[in-house]
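There are 2 protein chains.
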Amino acid sequence: MTVMGAQTSAAPDVASTEPLAADHPGVTELYAVVAYGEISAFYRLAEEAKLAPSLRGRVAVAKMAAAELAHFETLESALTARGADPEASMAQYQGALDSYHASTDPSTWLESMVKFYVGDGLAADFYSEIVGVLPAEVADVVRDVLAETGHSQFVVDEVRSAVAASRSERDRLTLWGRRLLGEAITQAQYVMAQRDELAELVLAATGDLNGIATLFDRMQERHAARMAELGL
Amino acid sequence: MTVMGAQTSAAPDVASTEPLAADHPGVTELYAVVAYGEISAFYRLAEEAKLAPSLRGRVAVAKMAAAELAHFETLESALTARGADPEASMAQYQGALDSYHASTDPSTWLESMVKFYVGDGLAADFYSEIVGVLPAEVADVVRDVLAETGHSQFVVDEVRSAVAASRSERDRLTLWGRRLLGEAITQAQYVMAQRDELAELVLAATGDLNGIATLFDRMQERHAARMAELGL
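These protein sequence lines map, in sequence, to chains A and B.
Take the first sequence: its position 2, counted from the start at 1, is 2 in my numbering, and no numbers get skipped.
Take the second sequence: its position 196, counted from the start at 1, is 1196 in my numbering, and no numbers get skipped.
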């Protein structure tokens, strides 16, 4: 799988600094943004399952959604263990993530599947970019949560067969994939600009602001590889 | 908890016959109807979470929905183990259960919570009515699936405090609870009339048609006790 390959082979180009202290406030922020990402993915998938062409599709999507919720619960516990209030911590990220979802509302089943696959992949890439500076116990939590959910093969099969059969569907979904990446980067930059502790964590991983720019470049390359995996 | 009390104390009045053979076709039907009940509960909860007044409520509902899906997965495996196709088996029950949900679409958060609690309770009652004729391994599967999800206390707290504070809310939700029971019995009777194998299974548990009538009477009494638990 492309996503898994990206996870293992994609150490940042810049030399990593020492791991952050376990009590770095950026860790709480990281847990919070990912936790809100998971709970919103749960509800978006449940909503988008209406687009599924069959009961089989609805069952598959329900399982994907439940996997996201299991990740959410891991992060909720991790936040509580750090003395943070999960709901209050997550509230800081509600605006950016809700905006992302509102601006990328799928209108077809295939768009929904591509969105799920792309989001899962971007999350795995982001993890591989920052893992070098995470304290070991934090890296374990984030890896469990951002690793592939194991449902990607279902998406690959659905999308590949549809785009092999229709050139116009392929063109449409190719544009859709670009739009997803663009909106994700827009919201990620917005979040970085607003949340100092999280920006510090990413800066620690990338070295400097220039490093953040090359991080986005690398994520873009891996996104392209993932789209190719879908036949796009 | 009322529901748990009902589960342990509510052996049918009629003398149970011998357990059914493990390969009785009614068992497949039972798994199928409950499986579709679980997957539709998953999606209804996810939909109704929009009514939640807070992120905390949405998180609680997502967990309830995920618990329903875990039950669904147990039944899906059990159906597959019996050589049945889960989707095809469930399709027989889609009409009745979708009708139930369409006719009991909550318009408020509290209505949604009462519906969840009532549905969970009716399922537990139904289990206690039929367990006597289920082969041991089937009884284990059904018990795991129809037992309380452990989320009922959240509902009790939400509803009790709301109805203690508002007489008109209490009256409204009392009527709502009656409507839920009525619609559930209507659809259950429809299913029994349509699906011979399932009717046979219930008849084996209740003795005769008269026994089915007293089964519904008992479920009505326990429903009233559950409503009292909610302060209704």
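For every residue, glycine included, the Cβ atom is placed at its ideal position computed from N, Cα and C.
8 Å Cβ cut-off: residues of chain A touching residue i
i: E1087 (chain B); result: S54, L55, R56 and V59
i: L1110 (chain B); result: Those do not exist, as L1110 (chain B) stays about 20 Å from chain A at its closest Cβ, beyond 8 Å.
Under 9 Å between C-beta atoms of residue i and residue j
i: L1110 (chain B); j: V1159 (chain B); result: yes
i: M1090 (chain B); j: L55 (chain A); result: yes
i: M64 (chain A); j: F116 (chain A); result: yes
i: L97 (chain A); j: P86 (chain A); result: no
i: H24 (chain A); j: E197 (chain A); result: yes
i: V1133 (chain B); j: L1215 (chain B); result: no
i: G26 (chain A); j: Y93 (chain A); result: no
i: E1068 (chain B); j: A1032 (chain B); result: no
i: R1195 (chain B); j: E1029 (chain B); result: yes
i: L1232 (chain B); j: R1167 (chain B); result: no
i: V118 (chain A); j: A184 (chain A); result: yes
i: V59 (chain A); j: V145 (chain A); result: no
i: G177 (chain A); j: V114 (chain A); result: yes
i: L1173 (chain B); j: V1163 (chain B); result: yes
i: P135 (chain A); j: A66 (chain A); result: no
i: P1106 (chain B); j: S1099 (chain B); result: no
i: V138 (chain A); j: T74 (chain A); result: no
Per-residue contacts from residue i into chain B (C-beta, under 9 Å)
i: A237 (chain A); result: The structure shown does not extend to residue 237 (chain A), since chain A is modelled only from 1 to 232, so the question has no answer here.
i: T46 (chain A); result: Correcting the residue identity first, residue 46 (chain A) is Ala in this sequence and not Thr. Those are F1042, Y1043, L1045, A1046, E1047, A1049, A1062 and A1065, listed as they occur along chain B.
i: I39 (chain A); result: L1055, R1058, V1059 and A1062
i: L75 (chain A); result: Those within 9 Å of L75 (chain A) in chain B number zero; the least Cβ separation is about 11 Å.
i: L201 (chain A); result: Those within 9 Å of L201 (chain A) in chain B number zero; the least Cβ separation is about 23 Å.
i: L215 (chain A); result: Near L215 (chain A) there are no residues of chain B at all, since even the closest Cβ is about 29 Å away, more than 9 Å.
i: L181 (chain A); result: Ordered by position in chain B, no residue passes the 9 Å Cβ test against L181 (chain A), which lies about 27 Å from the chain.
Partner residues on chain B for residue i, Cβ-Cβ distance less than 8 Å
i: M90 (chain A); result: L1055
i: L134 (chain A); result: The premise fails here: L134 (chain A) is roughly 25 Å from chain B at the closest Cβ pair, so nothing lies under 8 Å.
Enclosing alpha helix (DSSP H) for residue i [first to last residue]
i: E1087 (chain B); result: P1086 to S1103
i: L1230 (chain B); result: Careful: L1230 (chain B) lies outside any alpha helix (DSSP H) and carries neither H nor E.
i: V1131 (chain B); result: Element bounds for V1131 (chain B): n/a, residue is neither H nor E.
i: T80 (chain A); result: L55 to A81
i: R195 (chain A); result: No alpha helix (DSSP H) contains R195 (chain A), which DSSP labels as neither H nor E.
i: L20 (chain A); result: That residue, L20 (chain A), is in no alpha helix (DSSP H); it is neither H nor E in DSSP.
i: T1028 (chain B); result: P1025 to E1048
i: S1152 (chain B); result: S1152 to A1165
i: D1208 (chain B); result: That residue, D1208 (chain B), is in no alpha helix (DSSP H); it is neither H nor E in DSSP.
i: L239 (chain A); result: Here chain A has residues from 1 to 232 only, and residue 239 (chain A) is not among them.
Cross-chain neighbours of residue i in chain A, by beta carbon under 7 Å
i: L1097 (chain B); result: What L1097 (chain B) touches in chain A: nothing, since even the nearest Cβ is about 12 Å away.
Interface residues of chain B facing residue i [CB-CB closer than 7 Å]
i: L79 (chain A); result: In chain order: nothing, as chain B lies at least about 12 Å away.
i: L230 (chain A); result: The contacting residues do not exist; L230 (chain A) stays about 25 Å from chain B at best.
i: L146 (chain A); result: Per Cβ cutoff of 7 Å: no residues; L146 (chain A) is ~19 Å from chain B at best.
i: L198 (chain A); result: Going along chain B, no residue has its Cβ under 7 Å from L198 (chain A), so there is no contact; the nearest lies around 19 Å.
Where residue i meets chain A, residues with beta-carbon distance less than 9 Å
i: L1175 (chain B); result: Going along chain A, no residue has its Cβ under 9 Å from L1175 (chain B), so there is no contact; the nearest lies around 29 Å.
i: L1209 (chain B); result: Those within 9 Å of L1209 (chain B) in chain A number zero; the least Cβ separation is about 32 Å.
>> Across the stretch 1199-1210 of chain B and the stretch 1126-1133 of chain B, are there enough close Cβ pairs to call them in contact, namely three or more that are closer than 8 Å?
In response: yes
>> With a threshold of 8 Å, are at least 3 pairs of Cβ atoms found where one atom belongs to the stretch 113-124 of chain A and the other to the stretch 216-224 of chain A?
In response: yes
> Are the stretch 1038-1058 of chain B and the stretch 36-51 of chain A touching by the rule of at least three beta carbon pairs closer than 8 Å?
Replying inline: yes
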